[in-house]
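Residue 106 in full-length UniProt numbering sits at position 106 of the sequence shown, with consecutive numbering throughout.
C-beta: ideal position from N, C-alpha, C; glycine also.
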Amino acid sequence: MAANRTFSIIKPDATRRNLTGAVTTMLEDAGLRVVASKRIKMTREQAEGFYAVHKERPFFNDLVEFMISGPVVVQVLEGEDAVRRNRDVMGATNPADATPGTIRKEIAESIEANSVHGSDSDENAAIEIAYFFTPDEIVG
Ligand code: RTP
Ligand code: MG
Numbered sequence: 001m002a003a004n005r006t007f008s009i010i011k012p013d014a015t016r017r018n019l020t021g022a023v024t025t026m027l028e029d030a031g032l033r034v035v036a037s038k039r040i041k042m043t044r045e046q047a048e049g050f051y052a053v054h055k056e057r058p059f060f061n062d063l064v065e066f067m068i069s070g071p072v073v074v075q076v077l078e079g080e081d082a083v084r085r086n087r088d089v090m091g092a093t094n095p096a097d098a099t100p101g102t103i104r105k106e107i108a109e110s111i112e113a114n115s116v117h118g119s120d121s122d123e124n125a126a127i128e129i130a131y132f133f134t135p136d137e138i139v140g
């Protein structure tokens, strides 16, 4: 499959522990290239909009509070089969269930403070990239 793109967030638990580089190294070692990156403090409105698909879920409010509790690093990642490749290196949502060697197994603290977000489809990757980046900010 041709190289394509996905969207990643390094979450506040990882930036707080100064693990932005460690997470990025694991992404790069998995064959993904960082073609856009910025450190931001999400607004509540941004976080609520980003996670709108989860707004009826019981964890929605806690998730939004967590995502605005500190800086995050939003990234566009490029590579062959990028969405699946990124999901593979992220590991299961709950670090207790994640495979050794994955980011969530090695770095995450809990199912909420799970260090990374990654798009779950090509369609959502395009939507999520456009939510945080303009085309000129992405340099492939
Ligand atoms: P993500 O969207 O962050 O890449 O993670 P995911 O697909 O593996 O998980 P998803 O089901 O989309 O859930 C989004 C985020 O919500 C938090 N969560 N908390 N307390 C809970 O039971 C619970 N379940 C999910 C996690 O931070 C998850 O990454
Ligand atoms: Mg998800």
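Pairwise C-alpha distance: residue j and residue i
i, j, result
"arginine 16", "glycine 70", "7 Å"
"residue 209", "glutamate 56", "Since the first residue shown for the chain is 1 and the last is 140, residue 209 is missing from the structure and cannot be characterised."
"alanine 30", "threonine 43", "30 Å"
"serine 115", "methionine 90", "9 Å"
"phenylalanine 50", "serine 121", "15 Å"
"arginine 84", "arginine 5", "10 Å"
"glycine 140", "serine 119", "18 Å"
"alanine 14", "valine 72", "8 Å"
"residue 146", "serine 110", "Outside the displayed range of the chain (1 to 140) lies residue 146, so it cannot be described from this structure."
"phenylalanine 7", "alanine 108", "18 Å"
"arginine 87", "leucine 32", "11 Å"
"valine 76", "asparagine 18", "20 Å"
"alanine 11", "histidine 54", "The amino acid occupying residue 11 in the given sequence is lysine; alanine does not appear at that position. Rounded to whole angstroms, lysine 11 to histidine 54 spans 17 Å at the Cα level."
"residue 145", "histidine 117", "Only positions 1 to 140 of the chain appear in this structure, which leaves residue 145 out of reach."
Presumed contact (8 Å Cβ cut-off) between residue i and residue j, rounded CB distance
i, j, result
"valine 74", "isoleucine 138", "That pair is no contact at about 11 Å."
Close beta carbons around residue i, own chain, < 8 Å, minus the five adjacent residues each side
i, result
"residue 159", "What the structure shows of the chain is the stretch from 1 to 140, and residue 159 is not part of that stretch, so it cannot be assessed."
"glutamate 28", "Val34"
"proline 58", "none"
Neighbourhood of residue i by C-beta distance below 6 Å, restricted to the same chain and skipping five residues each side
i, result
"glutamate 112", "Phe66"
"asparagine 124", "none"
"glutamate 48", "Val64"
Neighbourhood of residue i by C-beta, 7 Å cutoff - its chain only, sequence neighbours within 5 removed
i, result
"methionine 26", "Val89 and Ile103"
"glutamate 128", "Phe7 and Ser119"
"phenylalanine 60", "Tyr51 and His54"
"alanine 126", "none"
"alanine 92", "Ala98 and Arg104"
Task: Inter-stretch contact (C-beta, 8 Å, three-pair minimum) for the region 12-24 and the region 77-92 - done: Counting Cβ pairs under 8 Å, fewer than three are found: no touch.
Open item on the list: Between the region 119-139 and the region 33-44, can you find at least three pairs of beta-carbon atoms closer than 8 Å?
Closed with: Judged by Cβ distances under 8 Å, the region 33-44 makes contact with the region 119-139, as three or more pairs qualify.
Task: Inter-stretch contact at 8 Å, needing at least 3 Cβ pairs: the region 88-105 / the region 52-67 - done: Fewer than three Cβ pairs drawn from the region 88-105 and the region 52-67 lie within less than 8 Å of each other, which leaves the two stretches out of contact.
Task: 4 or more residues per run - each alpha helix (DSSP H) lying fully within the UniProt domain "Nucleoside diphosphate kinase-like" (3-140) - done: Listed in chain order, they are 12-16, 20-29, 44-50, 60-67, 82-90, 103-106 and 122-132.
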